[in-house]
Structure formats: structure tokens, C-alpha cells
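Undergrad: Residue numbers (numbering that gives the first Met the number 0), protein chains in the order written: chain A, 0 to 455; chain B, 0 to 76; chain C, 0 to 98; chain D, 0 to 224.
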Amino acid sequence: MTTHWLPALVAIPIAGGVLVPTMSRRWAPAWGFGVLIATLGVALFLTGLLREDTVSYAVGGWPPPYGIELRFDVLSTFAVPIALVAALAVPFATHSNEPVTTPEGVAVILVGTGGMMGFVVAADFFTLFVFLEVLSISAYGMVAMSEERGAGLAAFRYLLMGTVASIVILLSVGLLYTLTGSLNMADVGQRLPDGGLPLHLAIGGLAAGFLLKAAVFPLHVWLPDAHATAPSAVSAILSGLIVKMGIIGLLRTPGLEHLHELLIWVGAASLLAGALFALVQDDLKRMLAYSTVSNIGLVVLGLAVDRTGATVHILNHAIIKASLFLAAGAFIHRAGSRRIEGTGRSMPLTTSAFAVGGIAAIGIPPTGGFTGKWMIVLGALEAGRWGFAVMILLGAVILALCYARFVVVVAFRPSPADREGTSEAPLVMLVPIFVLAALSVGVGIIGGPFAAFVGK
Amino acid sequence: MSELFDVVLLTLLILTALAVARARDLAAAAILFAAYSLMLCLLWLHRGAPDVALTEAAVGAGVTTLLFLVVIARTSR
Amino acid sequence: MSLLAIPFGLIGAFFFLAATIGLLRLPDFYSRAHAAAKCDTVGAGSILLALAFALCPGLASFQLLGLAILILIAGPTASHALARAADRRGVAPWTTDDP
Amino acid sequence: MNPRLAAAFVTGLAVPMLAAMAALPRHGSPDQPIHTHVAREYIESGPETGNLVTAILLDYRGMDTFGEVVVIFVGLVAVLVLARHREPALPAASPSPIVAFIVRLVTPFIALFGFHVILSGLEVPGGGLQGAAILGGLVILNGFVFGPQHARSLLPGRLLPWLQGAGPLAFLAAGIVGGIATGFALGYPTHLPLLHEAMLMGVELGIGIGGALIFSRLYLALEDA
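(1) At a CB-CB cut-off below 7 angstroms, which residues of chain A make contact with E40/D?
(2) I'd like to know if the stretch 108–118 of chain A and the stretch 75–90 of chain A are in contact, where contact means that at least 3 CB-CB pairs between them fall below 8 angstroms.
(3) What first and last residue would you give for the alpha helix (DSSP H) that runs through R3/D?
(4) Using a threshold of 8 angstroms, state whether the C-beta atoms of M346/A and R333/A are closer than that.
(5) Below 6 angstroms CB to CB, which residues in the same chain sit around A462/A once its five sequence neighbours on both sides are set aside?
(6) Can you tell me whether DSSP reads R70/A as helix, strand or coil?
(7) If you compare alpha carbons, which of G210/D, E196/D, I175/D is closest to L134/D?
(8) Does the distance from the CB of A22/B to the CB of L12/B come in under 8 angstroms?
(9) Find the residues of chain A that neighbour L168/D, judging by a C-beta separation of less than 7 angstroms, and give them in chain order.
(10) Residues of chain D with CB closer than 9 angstroms to the CB of A185/A, please, in chain order.
(11) Assess contact between the stretch 126–145 of chain A and the stretch 23–31 of chain A, defined as three or more Cβ pairs (one per stretch) separated by less than 8 angstroms. Is contact present?
(12) Residues of chain C with CB under 8 angstroms from V80/D, in chain order?
(13) Along chain B, which residues have their Cβ under 9 angstroms away from the Cβ of Y218/D?
(14) Is it buried or exposed, N1/D, if we count other Cβ atoms within 10 angstroms and call 16 or more buried?
(15) Among E203/D, L204/D, L153/D, V202/D, whose alpha-carbon lies nearest the alpha-carbon of L219/D?
(16) By Cβ distance, which residues of its chain are closer than 7 angstroms to L278/A, with the 5 residues on each side in sequence left out?
(17) Taking 6 angstroms as the limit between beta carbons, can you name the residues of its chain near S78/C, skipping five residues before and five after?
(18) Name the DSSP bridge partner or partners of D123/A?
(19) Give the list of continuous alpha helix (DSSP H) stretches no shorter than 4 residues that lie fully inside the stretch 276–329 of chain A.
(20) So, G367/A versus I361/A, is the Cβ gap smaller than 8 angstroms?
(21) Buried or exposed for M244/A, going by 16 or more other Cβ atoms inside 10 Å?
(22) Find the residues of chain D that neighbour T40/C, judging by a C-beta separation of less than 8 angstroms, and give them in chain order.
(23) Along the chain, where does the alpha helix (DSSP H) containing Y402/A start, and where does it finish?
(24) Show which residues of chain C have a CB atom less than 7 angstroms away from the CB atom of I101/D.
(25) According to DSSP, G57/A sits in a beta bridge with which residue or residues?
(26) If you draw a straight line from the alpha carbon of A22/D to that of L196/A, how long is it in whole angstroms?
(27) Among the residues of its own chain, which have a CB less than 8 angstroms from the CB of L51/D, if the five just before and after it don't count?
(28) Is the beta carbon of A235/A sitting closer than 8 angstroms to the one on L325/A?
(29) When the Cα of W385/A is compared with those of T370/A, A267/A, G371/A, M286/A, which residue comes out closest?
(30) Nearest CA to the CA of L81/D: which residue from P365/A, G151/A, A327/A?
(31) Please name the residue, chosen from R46/B, T10/B, L14/B, A27/B, that lies closest to S1/B on a Cα-to-Cα basis.
(32) Please determine, among G239/A, V233/A, G296/A, the residue with the shortest C-alpha to C-alpha distance to S137/A.
(33) List the residues of chain C whose Cβ lies closer than 9 angstroms to the Cβ of I97/D, in chain order.
(34) Quick check on DSSP: helix, strand or coil for P92/C?
(35) Alpha carbon to alpha carbon, what distance is there between A20/B and L105/C?
(36) How many Å lie between H259/A and T307/A at the Cα?
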């Protein structure tokens with residue numbers, strides 16, 4: 000099936016982003032929100048179409064492999080959380096004094112969303128790379144928006160690491176083109192040679208680049224600073240969406256089955272190291288950032304044992320982690336600084352949403368975090384790797400300690416003496432937090448049919 | 000003859016790249032980088048890609064160098 | 000016409016050689032800049048003219064002629080700007096008193 | 000980074016890459032997949048006149064070029080976000096009268112050449128991005144000589160926010176027009192030669208003008224930061 004809404008999914012946010020600088024400061028956030036809601040509508044419509052058939056579009060009328068093909072498949076359903084989280088982040092940021100909702104800030108978010116859309120629907124390796132660049136450069140800009148000290152340095156480190164990843168991916172795409180004479184993913188998959196050093200280097204290079212973009216354990220060093228110093232609305236986008244692009248890239252890599260043994264170990268290392276690092280953080284946002292490293296490790300492990308479980312988990316984790324970062328942003332907003340002890344006493348709604356998000360992040364049923372994690376555990380057991388199943392459960396226990404600790408810090412510690420009385424977060428912050436928290440539970444309740452849909 | 004030209008250009012390319020990496024002075028590195036781009040431009044031209052060569056000359060050796068110099072002038076003031 | 004390319008090409012090559020020797024051997028910034036300017040202007044200009052003659056008649060020879068005129072304008076201006084900047088920075092010219 | 004570590008890292012990266020290069024099919028041998036599959040189709044059924052590179056960039060792989068133009072745009076916007084702490088740019092030191100005269104003299108010619116490169120890209124090597132770099136470089140040159148304030152006065156004031164997005168916007172317009180004319184987004188109507196030519200020209204001009212303004216604004220943002 001083909002529909003013009005598929006290229007529109009990419010074009011709408013980018014067109015919206017290009018037009019933002021022509022607007023006044025006042026209208027930029029409203030415009031950004033409207034454009035992202037329209038994008039969300041298109042993404043939902045395409046997901047609905049997917050129930051019957053895969054959606055494919057030949058750009059310019061050139062049949063693949065000669066032209067560029069866009070394809071909306073199960074992985075592309077990630078477009079829905081992308082549009083949702085980005086749409087909720089814009090109103091959330093209107094209260095902060097960081098330049099997220101200036102025309103430039105909104106433009107970066109919209110174009111970055113368009114880049115992610117292009118990335119998830121690309122069925123051509125070079126298109127995948129181009130849109131990876133669009134979303135990466137937007138991400139560097141998003142980190143740089145922060146007013147916090149060290150944000151510039153964090154963005155610069157992120158830029159260096161991200162550029163290395165991009166170059167490795169570009170070289171690998173070049174090698175794949177030399178080996179097969181084609182760039183279309185399906186076509187490349189069919190024309191791959193049986194072996195040889197160039198093929199291994201191409202697959203290994205793609206995997207390494209995407210693992211770096213996904214911030215897997217030894218390659219995660221850029222992530223905590225970038226995600227913790229960014230404005231909270233942006234952290235939700237970075238941690239919920241942009242690191243997942245590395246995972247989607249891995250899922251698109253041909254011949255990944257050669258690397259399963261590597262992925263399983265790298266994933267397990269990342270799972271445990273991320274959780275342990277998270278345990279020793281005193282700052283809520285840094286803890287959340289390390290918990291992302293841990294969850295990415297879980298997904299990478301899942302890639303090797305149960306791809307469906309991994310796909311389900313990136314969708315769920317996007318929503319859960321976004322809700323947690325937004326709640327953290329609300330605490331920090333009301334506290335006026337990163338010292339958030341005791342803010343939860345006067346913010347019961349935000350605190351309860353944070354607790355719900357924490358439960359979902361640990362993976363307790365019936366929340367969304369459970370479905371994917373459980374499928375990966377089952378996959379590991381089925382593959383006879385019960386040691387890895389134990390590691391996943393151990394990681395969940397450590398993360399449970401982290402979240403429990405911060406709920407206690409926020410809700411029961413006394414506030415610092417120098418802080419004035421705080422109050423519940425404003426409505427534009429509460430509503431996005433609640434929508435995401437509700438979804439992170441709701442997706443778990445419909446988890447069974449949802450997983451069946453993804454697995455199809 | 001043609002292969003020899005390639006070899007000479009590639010050698011110069013590697014030498015300028017090393018010189019950029021080793022340069023202590025940022026402005027010198029920017030200028031060496033422009034020389035590197037020029038070598039690359041000639042190489043593209045010789046490999047039969049005039050479009051890429053033109054881009055390399057205009058963007059790589061031209062605008063990028065100018066922007067580097069602006070930043071260096073603004074930061075080391 | 001294309002025979003004219005040979006003398007112009009030789010002139011250009013000679014100036015490039017002389018300028019390169021000058022660049023390596025002359026004592027201070029200003030005299031080296033002077034050598035480089037010769038190389039840029041007369042050397043490159045003559046070679047462009049030689050190429051224009053070699054490809055005459057045709058569109059390309061006019062384009063090369065245009066480039067030669069541009070070199071004639073831009074080369075001296077650039078070395079003037081360099082020398083002026085060096086002077087403003089206080090780079091002292093070499094004199095016969097120096098070793 | 001520790002220089003020895005860096006050297007070891009680069010060597011570790013370079014050795015397998017060089018080995019893979021050696022294992023690749025020899026450059027230029029005609030029976031390799033790179034020459035027999037998609038590329039041959041482009042050469043055989045591409046346009047008979049004009050620049051094949053431009054045809055591939057704007058037509059077969061128009062979506063990628065659109066993405067690349069968006070990359071340049073978002074690069075500018077990201078720098079503008081970073082460079083928001085404004086300090087007024089320094090006025091230029093009084094320029095040498097010779098340099099000032101020559102730059103005034105050549106500016107219109109370089110501008111003409113820039114537009115020539117943008118539009119002649121359809122026939123000979125050249126095109127929007129290369130022309131954009133020439134025009135942007137011209138603005139930066141004027142800024143170097145006469146100061147950033149003068150360079151700013153060369154840009155279109157009120158139209159600037161629209162024109163700096165001209166690249167992506169031209170692509171979007173071509174995508175919609177092509178979609179109506181051919182039924183596929185970013186399709187070029189070969190059965191309507193005049194419209195086809197106009198669309199290609201429009202996209203090249205959009206990339207060129209938008210790109211030139213992006214390069215100029217990058218320069219001004221860096222001067223102001």
C-alpha cells in the first residue's frame with residue numbers, strides 16, 4: 000500500500016521547523032505544539048494502516064532500488080512516541096527560563112522530530128544516514144540550549160562522540176554500497192556477499208556506530224552529562240527518543256545475527272554498569288540518565304535473544320523515561336535548583352506520577368515496562384542463557400533501589416532551610432507528566448495484544 | 000603518469016593531514032586544513048568527480064576556513 | 000596562436016621557480032611576501048595566459064583570460080593586505096645592519 | 000587525549016580499514032556490483048543532456064539532498080541557540096583603501112559568478128551548494144574588510160527569516176508541485192519540460208540563496224557571540 004501521508008510524516012515537522020524563525024516569540028510554542036500534534040495524527044493514521052499491510056512509498060516515482068523508498072513497518076511505529084513526547088515537551092518548557100521555546104529552540108525540536116521521522120521510515124541506507132545527521136545535529140543544539148554550567152562542554156563532547164559514530168556509519172554504508180552496488184535496505188540484504196573482511200567491517204562498523212549513538216556501556220561516557228545538563232523537556236526527548244535511534248539503526252543493520260554473542264555481553268555489561276552507576280548518583284537527572292544506559296543495555300541484550308521484546312521495550316521505555324524526566328523537571332522548576340529534597344511534600348500529584356513512572360521503569364506488572372522486560376527474560380531463558388535472565392532481574396532490583404531512594408528523598412526529606420514554600424507544578428507541566436504516566440501504565444494493561452501487533 | 004599524480008597527491012594529502020594534527024597554533028592549523036582541502040579537491044578532480052571537487056574547494060577550502068578564522072580571532076583575543 | 004603558449008608557459012615556470020627560491024632564501028617577512036606576490040601574480044598569470052592561448056579559440060580561453068585578470072587584481076591586493084597587517088603588528092623589516 | 004593513546008586508536012582503526020580496502024574489488028573494474036547494478040541504470044536511463052550528478056542529486060535521490068539541506072539549516076539554528084548571549088560585534092579596523100577599493104570592485108563580479116555557478120549546475124559541474132559557498136564567502140569577505148555591520152547590511156533584512164529556509168522550502172514546494180504533476184512527492188514531470196526545468200531551477204536557486212544566507216548568518220552569529 001502507498002499513501003502520500005508517509006512523506007508528509009517527515010515533511011510536516013521539518014516544514015514547521017523551517018517556518019518557526021519567521022514567527023514572533025509569542026507564537027512559536029503554540030505553533031510548535033500544533034505542528035507536532037498534526038504529526039502525531041499522521042503517525043497514528045499510518046500505524047492504523049499498518050494493521051492491514053506494510054506501507055511503502057517510492058519518492059519521486061522511481062521504483063526501488065533506483066529511487067529512495069520510504070517504508071512504514073513495525074519499527075516505524077516508534078513515530079507515535081516520537082511525536083507524542085516531542086509534542087508534550089514543548090508546552091512543558093514554556094515555564095522554564097531556558098531558551099527551549101524561543102523560535103530557534105522550537106525550530107531545533109521540530110526539525111529534530113522530522114529527522115527522527117525520516118530515520119524511522121527510511122528504507123535506504125543513505126537516507127537513514129542523512130536523517131541520522133538531521134536528528135543528531137538537532138540533538139547537539141538541544142543540549143546546548145541549557146543555561147546550566149558545563150552545558151556547552153557537554154554538548155561539545157556529545158558532538159565529538161556523535162560525529163565519530165556518524166563517520167563510522169557513513170564509511171560502513173559506503174562499504175555496503177561498494178559490495179552490493181545498492182543502497183536500498185531490502186536489496187542490500189539480498190545482494191550481500193557470503194563473507195570476507197569488507198562485509199564484516201561494514202556490519203561491525205554499522206553496529207559500532209549505532210551502539211555509540213545508543214550509549215552502550217563503555218561508549219556511554221557522553222550521555223550522563225548531556226542528558227543531565229540539558230533542559231528537562233529536552234532530556235525527555237534525548238533520553239526517551241534520540242538514544243533509541245541507535246537501537247532502531249541496529250535493528251535495521253543487515254547480518255546482525257553474526258554479532259549476537261557480542262551484543263549479548265555488551266548489553267549485559269551495560270545493563271549492570273548503568274544500574275550500578277545510577278545507584279551512586281545524588282542528582283536525580285544523572286540517576287535517570289544512567290538508568291537509560293541500563294535500559295539500553297537491556298534492549299541490546301534483547302536484540303540478540305528476542306527482537307520483538309526489544310522493540311516493545313524501546314517503545315515503552317520512551318514513554319516511561321520521558322515521564323520521569325518531565326517529573327524531575329517539575330521538581331527542579333519548583334525547587335529553583337537541583338536540590339530537590341522535600342519538594343514532593345507540596346507536590347503530591349507530581350510525586351505520585353514520578354512514583355508510577357519509577358514502578359514502570361523497574362518493570363513491575365501491570366505497567367508498560369513489564370511487557371518488554373518479561374519477553375526478553377523469557378527469550379534469554381529459551382535460548383538457554385539463564386545467567387543473563389538473572390542479570391536482568393538483578394538490574395531491575397538495583398534500579399528499584401535507585402527509584403525508591405529518590406521517592407524518599409523527594410517526598411520525605413525535609414526541605415533545605417533557605418527555600419521558600421513550594422507548591423504543586425503548574426498545569427502545563429502536570430498535564431504532560433500525567434498523560435505520559437497514564438500511558439506508561441495503560442500500554443502495559445494492553446501489553447499482550449500490543450506485543451502481538453509488534454511481533455507480527 | 001596518471002597513477003604517479005595520484006600517488007603524489009595522496010602523499011601530500013597525508014602530509015597536510017598530519018601537519019594539521021601536529022600544528023600547535025590554531026590559525027596555522029586552519030590554514031593547513033585549507034591546504035588539505037585543496038589537495039582533496041585536486042584528487043576529486045583527478046578521479047573524475049568535478050562536482051565534488053567544486054564543493055570541496057568552495058565549502059572545504061573556502062567558507063569553512065573563513066569560519067574557523069573568525070572563531071579563532073574571537074576566542075584567542 | 001597556440002604557439003604563443005610556449006613562451007608564456009616558460010615565463011610562468013621561471014617566475015614560479017624564482018619565487019620559490021626567493022621564498023626559501025630571502026631574510027624577512029616583507030621580502031618573502033614580495034617573492035610570493037611575484038609567484039602569484041606573474042607566474043600564475045602567465046601560465047593562465049599560456050593555457051588561454053593553447054585552448055584558443057573557444058569559450059574556455061575567455062574564461063581563463065578572466066581568471067588571469069582576477070589574479071592580476073587579487074594577487075597584489077592580498078600581498079598588500081598581508082604586508083600592511085604585518086606592519087601594524089610591528090613586524091620589523093630586515094635592514095643591512097642585521098646579520 | 001593522550002597522544003600515544005590517540006595514535007594507537009587511529010592505528011587500530013586504520014589497519015582493518017586498509018585491509019578491507021585491499022580486499023575490495025579493484026577500482027574501475029567494470030564487472031563489479033557497483034558498476035553493474037543501480038549506477039548502470041542511472042547512466043543508461045538518466046538525462047541525455049545536462050549534468051548527470053545534478054540529475055541524481057535532485058531527481059533519483061532528491062529526498063537525500065532535501066535531508067542534507069535540512070542538515071545545513073539546523074546547523075545554523077543550533078549555532079543561533081548557542082550564540083544567544085549577544086555582544087555587539089567589534090567594528091573592523093579601518094580598512095586599507097586599496098583593499099577596500101578592490102573588494103568593492105570585485106564584489107558584483109563574484110556575486111554574478113556565484114549565481115552563474117548555482118544555475119549552471121544543471122548543465123555543467125556546479126550547483127546550489129557550491130554557489131551558496133561562493134556567495135556566503137563573498138559576504139564574509141566583506142565582513143572581514145568593512146566589519147560585520149556592513150556584512151549584515153548586505154543581507155535582506157525583513158525577508159531573512161524566510162529566505163534562510165529557502166533550501167528546504169524550495170524542496171517542499173517542488174515536492175508538492177511534483178506530487179500534483181506526477182502523483183509522487185518530489186517527482187519531476189518529464190512530460191512537461193518547461194515545468195520540469197522551472198522546478199529544477201527553483202530548487203537550485205533555493206539551495207543557493209538559502210545556503211548563502213545560512214553561511215552569512217553563521218559568520219555573523221560567530222562575530223556576535
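For every residue, glycine included, the Cβ atom is placed at its ideal position computed from N, Cα and C.
Nothing here was measured: the structure is a model prediction, and the numbers come from that model.
TA: Judging by the given coordinates:
(1) Working through the fourth sequence from its first residue, we reach residue 40/D at position 41. Correct list: Y65.
(2) Short answer: they touch.
(3) One-based indexing of the fourth sequence puts residue 3/D at position 4. 2–22 is the span of the alpha helix (DSSP H), which, as asked, contains R3/D.
(4) In the first sequence, residue 346/A corresponds to position 347, counting from 1. In the first sequence, residue 333/A corresponds to position 334, counting from 1. Yes, Cβ-Cβ distance for M346/A and R333/A is below 8 angstroms.
(5) Here chain A has residues from 0 to 455 only, and residue 462/A is not among them.
(6) Looking up residue 70/A in the first sequence gives position 71. When secondary structure is reduced to three states using DSSP, R70/A falls in the strand class.
(7) Indexing the fourth sequence from 1 puts residue 134/D at position 135. L134/D has its Cα closest to that of G210/D, out of G210/D, E196/D, I175/D.
(8) Residue numbering aside, residue 22/B sits at position 23 when the second sequence is read from its first letter. Residue numbering aside, residue 12/B sits at position 13 when the second sequence is read from its first letter. Contact flag unset, no.
(9) Here residue 168/D refers to the residue found at position 169 of the fourth sequence. Neighbourhood of L168/D in chain A, by CB distance below 7 angstroms: V17, in chain order.
(10) Position 186 of the first sequence, counted from the first residue, corresponds to residue 185/A. Within chain D, no C-beta atom comes less than 9 angstroms from the C-beta of A185/A; the nearest is roughly 13 angstroms away.
(11) In this structure the stretch 126–145 of chain A does not touch the stretch 23–31 of chain A; the number of beta carbon pairs closer than 8 angstroms is below three.
(12) Working through the fourth sequence from its first residue, we reach residue 80/D at position 81. Ordered by position in chain C, no residue passes the 8 angstroms Cβ test against V80/D, which lies about 34 angstroms from the chain.
(13) Position 219 of the fourth sequence, counting from 1, holds the residue named residue 218/D. Within chain B, the residues near Y218/D are V62, L65, L66, V69.
(14) Along the fourth sequence, read from residue 1 onward, the residue named residue 1/D stands at position 2. The residue in question, N1/D, is exposed, as its Cβ has fewer than 16 Cβ neighbours within 10 Å.
(15) On the fourth sequence, residue 219/D is found 220 positions in, with the first residue counted as 1. Relative to L219/D, the option among E203/D, L204/D, L153/D, V202/D whose CA is nearest is L153/D.
(16) The residue you call residue 278/A lines up with position 279 of the first sequence. So the list reads I397, L400, C401, once near-sequence residues are dropped.
(17) Along the third sequence, read from residue 1 onward, the residue named residue 78/C stands at position 79. Excluding positions up to five away in sequence, the list reads A32, A36.
(18) As a working mapping, residue 123/A is identified with position 124 in the first sequence. Answer is N183/A, bridged to D123/A.
(19) Scanning the stretch 276–329 of chain A from its first residue to its last, the whole alpha helix (DSSP H) runs of 4-plus residues come out as 283–304.
(20) Sequence index remark: in the first sequence, residue 367/A carries index 368 (1-based). Sequence index remark: in the first sequence, residue 361/A carries index 362 (1-based). Note that the C-beta distance between G367/A and I361/A is not below 8 angstroms.
(21) On the first sequence, residue 244/A is found 245 positions in, with the first residue counted as 1. Around the Cβ of M244/A, a 10 Å sphere holds 16 or more other Cβ atoms; the residue is buried.
(22) Along the third sequence, one-based indexing puts residue 40/C at 41. Neighbours of T40/C in chain D, taken as residues whose beta carbon is under 8 angstroms from its own, are absent, since the nearest beta carbon is some 13 angstroms off.
(23) By 1-based counting over the first sequence, the position of residue 402/A is 403. Taken as a continuous stretch (DSSP letters only), the alpha helix (DSSP H) holding Y402/A covers 385–411.
(24) By one-based count along the fourth sequence, residue 101/D stands at place 102. I72, T76, listed in chain order.
(25) Reading the first sequence from its first residue, position 58 is the one you call residue 57/A. Before going on, a small fix: residue 57/A reads as Ala here, not Gly. According to DSSP, which records beta bridges pairwise, A57/A is partnered with E68/A.
(26) Translated into the one-based positions of the fourth sequence, residue 22/D becomes position 23. Translated into the one-based positions of the first sequence, residue 196/A becomes position 197. C-alpha of A22/D to C-alpha of L196/A: approximately 7 angstroms in a straight line.
(27) Here residue 51/D refers to the residue found at position 52 when the fourth sequence is read from its first residue. Same-chain partners within the cutoff: Y41, I42, G45.
(28) For the purposes of this step, residue 235/A is taken as the residue at position 236 of the first sequence. For the purposes of this step, residue 325/A is taken as the residue at position 326 of the first sequence. Against a cut-off of 8 angstroms, the Cβ pair of L325/A and A235/A comes out as a contact.
(29) Along the first sequence, read from residue 1 onward, the residue named residue 385/A stands at position 386. When each option's Cα is compared against that of W385/A, the closest is A267/A.
(30) If you number the fourth sequence from 1, residue 81/D lands on position 82. Per the Cα distances, G151/A.
(31) Residue mapping note: residue 1/B aligns to position 2 of the second sequence, counting from 1. Per the C-alpha coordinates, the member of R46/B, T10/B, L14/B, A27/B positioned closest to S1/B is R46/B.
(32) Position 138 of the first sequence, counted from the first residue, corresponds to residue 137/A. Of G239/A, V233/A, G296/A, the residue nearest in Cα terms is V233/A.
(33) On the fourth sequence, position 98 is the one that residue 97/D refers to. Here the neighbours are P75, T76, H79, A80, R83.
(34) To locate residue 92/C, count along the third sequence from 1; it is residue 93. DSSP places P92/C in the coil class of the three-state scheme, outside both helix and strand.
(35) Outside the shown range of chain C (0 to 98) lies residue 105/C, about which nothing can therefore be said.
(36) Looking up residue 259/A in the first sequence gives position 260. Looking up residue 307/A in the first sequence gives position 308. Distance between the alpha carbons of H259/A and T307/A is about 15 angstroms.
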